[in-house]
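So the sequence shown is numbered by the working numbering: it starts at 390 and just counts up by one. Just so you know, even glycine gets a beta-carbon here, dropped at the ideal spot from N, CA and C. Since the structure is predicted, the reported quantities are computational estimates derived from the model, not experimental observations.
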Amino acid sequence: MNKQTELKVFLELPAHVEVEGSSAALRNLAESFRTATGNATSWQVTSAGPDEVHVISVRRTDSLVQIRYSSGALSIEGAQSKLDVLADNIEYVAFSDPNSAHIHVEHHEGHPYLAPGSIPLVVSRDDDA
390 MNKQTELKVF LELPAHVEVE GSSAALRNLA ESFRTATGNA TSWQVTSAGP
440 DEVHVISVRR TDSLVQIRYS SGALSIEGAQ SKLDVLADNI EYVAFSDPNS
490 AHIHVEHHEG HPYLAPGSIP LVVSRDDDA
């Protein structure tokens with residue numbers, strides 16, 4: 390995996406999980422959400438924290454977006470329309486100022502696309518990552 394397409398994952402449970410990458414890597418991740426199928430698509434990632442994350446798995450289902458961690462895998466799944474909203478948010482970070490670009494995706498009552506019980510997600514851009 391080259392530096393431009395590498396994603397780093399910082400798992401800090403139960404607080405949150407952070408996915409960090411260059412603009413190109415974040416655009417690629419967003420595209421994987423847009424093209425998700427019923428079968429899981431996996432990304433190899435670099436783990437950068439005390440808990441190991443080896444892969445991000447993306448899968449289309451018929452529900453709100455659910456973000457989970459189990460056995461070294463960060464699983465993100467949901468209805469295509471909901472994954473598209475998450476992809477839009479990630480693309481926002483990918484095209485924003487790299488010195489301040491990040492978002493927090495955390496469930497709250499009435500959240501439009503994130504399921505209750507999802508791990509809070511932070512997405513940040515670091516072109517030097």
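Where Glu407 falls: helix, strand or coil (DSSP): As a first step, residue 407 must be located in the sequence shown, where it is residue number 18. In this structure, Glu407 counts as strand in the three-state DSSP scheme.
Express the C-alpha separation of Lys471 and Ile508 in angstroms, rounding to a whole number. Your numbering for residue 508 matches position 119 in the sequence shown. Your numbering for residue 471 matches position 82 in the sequence shown. For Ile508 and Lys471, the distance between alpha carbons rounds to 16 Å.
Proximity test, Glu480 beta-carbon vs the ligand MG heavy atom, cut-off 7 Å: Ligands in the displayed structure: none, and consequently the ligand MG is not present.
Identify the continuous alpha helix (DSSP H) that holds Val482 and give its terminal residues. The residue given as residue 482 occupies position 93 in the sequence shown. Element bounds for Val482: 469-484.
If we count the other Cβ atoms within 10 Å of its Cβ and call it buried at 16 or more, is Gln455 buried or exposed? In the sequence shown, counting from the first residue as 1, residue 455 sits at position 66. It is buried - the Cβ of Gln455 has at least 16 other Cβ atoms within 10 Å.
Where does Leu402 sit, in a helix, a strand or coil, going by DSSP? Translated into positions along the sequence shown, residue 402 becomes position 13. Here Leu402 sits in coil by DSSP.
Excluding the five sequence neighbours on either side, which residues of its own chain have a C-beta within less than 6 Å of the C-beta of Ser446, listed in chain order? Taking the sequence shown and counting its residues from 1, one reaches residue 446 at position 57. Here the set comprises Ala429, Ser431, Ala462, Ser464.
Report yes if the CB atom of Arg514 is closer than 8 Å to the CB atom of Val482, and no otherwise. By one-based count along the sequence shown, residue 514 stands at place 125. By one-based count along the sequence shown, residue 482 stands at place 93. For Arg514 and Val482, yes; Cβs fall inside 8 Å.
Local Cβ density within 10 Å of Phe484, reported as buried at 16 or more and exposed below that: The residue labelled residue 484 in the question sits at position 95 within the sequence shown. Phe484 is exposed by the Cβ-count criterion.
Along the chain, where does the beta strand (DSSP E) that runs through Ser446 open and close? Looking up residue 446 in the sequence shown gives position 57. Run containing Ser446: 444-449, per the beta strand (DSSP E) assignment.
DSSP three-state assignment for Leu415, whether helix, strand or coil: By 1-based counting over the sequence shown, the position of residue 415 is 26. DSSP places Leu415 in helix when its eight states are reduced to three.
So, at 8 Å on beta carbons, what are the nonlocal neighbours of Thr426 in its own chain, with the 5 sequence-adjacent residues on each side left out? Locating residue 426 in the sequence shown gives position 37, where the first residue counts as 1. Cβ within range, chain order: Arg448, Arg449.
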